[in-house]
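In the numbering used here, the protein residues as written are 17 to 680.
Input: a single structure, listed below in structure tokens.
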Ligand SMILES: Nc1ncnc2c1ncn2[C@@H]1O[C@H](COP(=O)(O)OP(=O)(O)OP(=O)(O)O)[C@@H](O)[C@H]1O
Ligand SMILES: [Mg+2]
């Protein structure tokens, strides 16, 4: 048996239409709130300037100490620099905002907005954009322009400072070198003087030759031992020894001159660098070029009223629809008859008012009592207050002897009329009375409908098909055994267990009430019997079919009271075996979604759902009743007369009394 219950597009549209107040309310309230909130947000403006950054070539910086940034990302570092206090300070100074004698705190406050700029690199170029967002359009432009300028000044100063350091360093090196050079020169000169080096070699050699000539001349005059000869010979020997050492001395000398040369060239290089550093220090152009100067933006970047309101509107609409569905799901109320009929696609056969107003003793601590103070009606359940004392329930049945309210009598008569027309006045009709959930008034409606039909002269048998919670025998004060269960399980003929007026008379009800009820002899009762463990199985027995066929032949109407549809399957089992199903719905007790589910489920078993009886309707909920005239076209001449009579009578009555007068 298919139990699925799916909403189609039409259902969704109906729900939205019905809940338009929630949908539109949510939509307008949220959208308006967003609109108001957005319009109150102070506007923010964004301005941007751009600068081109050329890597500076600091003169004289061959020393790697000065090229530390080469290893890091130069532009990353520059972007960091732009938002430092140094640049902010230059920016503020350029605008003339920093005065002499200001405290550090005051300066800090002035430069703060300038530090709020956001630098970014433009793609793979050497262009940096400097942007800022503030509440003032002019201020935004002023800040970025000043920061660009400040950055330029800062860069130049930084560059010059570096050049100065280079110059000083080079100067120190130069001085050091100069001293080394001087010492080396002296050393070379002295070495040259003392040793037969280079050009002096020839002199030394000719000296030796001269001395040897002189020696031979002396030897002509003197002997070998003459002191002059000995001395000259000694000198010659000495010179010869030194001449023998010549290659070694030559090497020493070359080394010395080489050293002198390198010192000389270092000195020259340093001198050049020193001159370069001096020029760089005096340089007045930084590597920063301002490309774009910001002008005050015309329109703010935030808040975007149009965007916010559009997004808000879409979200609130979705939320509104969601709320509508939530409300629909938990809603237990009924607004108009047409709406219910439209929703369920079945007619309303009767609107039975709340016959006795029953207020349960208030339990102060109960959380439900506090819920009613909540503004969300969706979470309140107005229904659910039952009369449990059997004497009280007995006052609600359509037997004489009780002062029934006019409206309830008329309501049951209308139900009877509508039922008669719904089955096209055919005889031998079996009707099943059920509901979506428990305690909606199935048994009371079945009993009162049966009694009202009997009073109309129609032979009616009320069958207690609720084999789980037998109520009718209890209300009527008769023993529930033997009954339906015994017919189905033992071979007892139905005519043996059916209760007639005489059986009622010996029951617990006052005999007067029974005897004085018009047409009571048309009323028959088939009680449940001993409650079985397997009601649904019993009801699906073939014997049940046979029984129903027999009853159909013997009565104008067979009204079967059954358990609710959604919790148990008994009602669904009986559905296809009967001529029509009437759903009882107690407004305020069961969610309307459940009612629709019950209807769809019954229809899916092949049952013919005749319509719905709205039961236990409180005066406050009667606002939907003015349109309750669905079956007016079926009213026979008698009914028309009654209607006319009530129309006249109803003048001066309260509006809901008028409604019931109209329906009769
Ligand atoms: N129109 C009404 N006016 C006042 N009270 C009502 C009305 N209809 C039902 N009730 C109250 O609801 C109670 C439950 O009714 P009834 O036993 O007919 O419901 P039910 O749907 O058959 O319940 P169950 O699911 O237990 O079989 C009744 O005892 C009565 O107190
Ligand atoms: Mg019942």
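Even for Gly, the Cβ is constructed at its ideal location relative to N, Cα and C.
Predicted, not measured: the structure shown is a model, and the values here were computed from it.
- Going by DSSP, residue 450 is part of no alpha helix (DSSP H) but of the beta strand (DSSP E) stretching over 445-451.
- Cβ neighbours of residue 316 within its own chain (closer than 7 Å, five residues either side excluded): 59, 60 and 61.
- Separation of residue 116 and residue 109 (C-alpha to C-alpha, rounded to the nearest whole angstrom) is 11 Å.
- When the beta-carbon positions are compared, residue 598 and residue 479 stay at least 8 Å from each other.
- Taken from the Cβ of residue 524, every heavy atom of ligand 1 lies 7 Å or farther away.
- The residue from 206, 57, 582 and 218 with its alpha-carbon nearest to that of residue 454 is 582.
- Counting C-beta atoms within 10 angstroms of its own C-beta, residue 545 has 16 or more neighbours from the protein chains shown and is therefore classed as buried.
- Looking at the backbone, the Cα of residue 420 and that of residue 541 are separated by about 22 Å.
- With 6 Å as the limit, the residues whose C-beta approaches any heavy atom of ligand 2 more closely are 458, 459, 482, 485, 487 and 577, in sequence along the chain.
- The Cβ-Cβ distance between residue 557 and residue 630 does not fall below 8 Å.
- In the structure shown, residue 577 falls within a strand segment according to DSSP collapsed to helix, strand and coil.
- Your pair residue 231 and residue 255 does not check out as a contact, with CB atoms roughly 12 Å apart and the cut at 8 Å.
- As DSSP reads the structure, residue 137 sits in a beta bridge with 144.
- When secondary structure is reduced to three states using DSSP, residue 238 falls in the coil class, being assigned neither helix nor strand.
- Scanning its chain for C-beta atoms nearer than 6 Å, with the 5 sequence neighbours on each side dropped, one finds around residue 318 the residues 60, in chain order.
- Between the alpha carbons of residue 121 and residue 155 lies a gap of roughly 21 Å.
- Just so you know, the alpha carbons of residue 129 and residue 65 end up roughly 16 Å apart.
- Here residue 298 is exposed, its C-beta having fewer than 16 other C-beta atoms within 10 Å.
- Annotation for residue 580 indicates a beta carbon within 7 Å of some heavy atom of ligand 1.
- In the same chain as residue 448, and ignoring 5 residues on each side of it, the C-beta atoms closer than 6 Å to its own belong to 576, 578, 590, 594 and 597, in chain order.
- Contact between residue 162 and residue 107 holds: their C-beta atoms lie close to 4 Å from each other, under 8 Å.
- Within the stretch 514-554, the beta strand (DSSP E) runs of at least 3 residues that lie entirely inside it are, in chain order, 539-542.
- Going by DSSP, residue 588 is part of the alpha helix (DSSP H) stretching over 586-590.
- Taken atom to atom, the span from the alpha-carbon of residue 334 to that of residue 49 is near 16 Å.
- In the three-state reduction of the DSSP assignment, residue 308 falls in the strand class, which pools E and B.
- When secondary structure is reduced to three states using DSSP, residue 633 falls in the strand class.
- Pairing residue 35 with residue 329 gives a Cβ-Cβ distance that is not under 8 Å.
- The Cβ-Cβ distance between residue 186 and residue 286 falls below 8 Å.
- Per DSSP, the continuous alpha helix (DSSP H) segment holding residue 268 begins and ends at 262-297.
- Rounded to whole angstroms, residue 113 and residue 275 show a C-alpha spacing of 59 Å.
- In the DSSP assignment, residue 427 falls within the alpha helix (DSSP H) that extends over 422-438.
- The alpha helix (DSSP H) runs of length 4 or more contained entirely in the stretch 477-511 are, from start to end of the chain, 488-492 and 500-505.
- Judged by DSSP in its simplified three-state form, residue 372 adopts coil rather than helix or strand.
- By the CB criterion at 8 Å, residue 69 and residue 142 fall inside the cutoff.
- For residue 599, the enclosing beta strand (DSSP E) starts and ends at 596-602.
- A distance below 8 Å separates the beta carbons of residue 536 and residue 470.
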